[in-house]
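Some notes on the structure that comes next.
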Amino acid sequence: MSKAKKKYYRKRVDFFRLLNKIKLWPSRSGVLHGIKSIEQKGPYAAITTHCGHDFLVLTSKNSRAARWLRNKWAYKACRSCRIPDWKLEKYSKTFFAQHYGSQLNDE
Ligand SMILES: [Zn+2]
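In case it helps, my numbering puts the sequence shown at residues 689 to 795.
See below:
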């Protein structure tokens, strides 16, 4: 049985903070990667995935990745990233709402 509790975030939550919390990255090809490290660089985030990719992304909450993460459009987990089941489980119990949930302001 699943132990993960439902977790709610605001839709408008700061995208960098959200990534830093969830540690998952949805690629354009629909694969969910595990974030090994993430560093803020102005309006960008430098992300390194567990499978060894480095890239800079714009941390806009209106970006493709932000929408994909909120809507859970990434349909498979990266094998090389070896995302643990508990993390995927936690993400599957994570929801985004307009007027309800954490804004991650004090973390
Ligand atoms: Zn990966």
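Glycine residues also receive a C-beta, built at the ideal position from the N, C-alpha and C atoms.
Coil, strand or helix - residue i by DSSP
| i | result |
| --- | --- |
| Trp761 | coil |
| Ala692 | coil |
| Arg770 | coil |
| Ser780 | helix |
| Lys729 | strand |
| Arg700 | coil |
| Lys749 | coil |
Which listed residue (the options) has its alpha carbon closest to that of residue i
| i | options | result |
| --- | --- | --- |
| Arg758 | Gly730, Lys781, Ser725 and Lys691 | Lys781 |
| Lys764 | Arg716, Arg705 and Ala734 | Arg716 |
Environment of residue i [buried if 16+ CB atoms lie within 10 Å]
| i | result |
| --- | --- |
| Pro714 | buried |
| His787 | exposed |
_Lining residues of ligand 1 - beta-carbon closer than 7 Å to any non-hydrogen atom, in sequence order_ = This criterion selects Val719, His721, Gly722, Thr737, His738, Cys739, His741, Cys766, Ser768 and Cys769.
*Do the stretch 766 to 777 and the stretch 748 to 758 touch if we need at least three Cβ pairs shorter than 8 Å?*
Taking a cut-off of 8 Å for Cβ pairs, the stretch 766 to 777 and the stretch 748 to 758 do not touch, as fewer than three such pairs fall below it.
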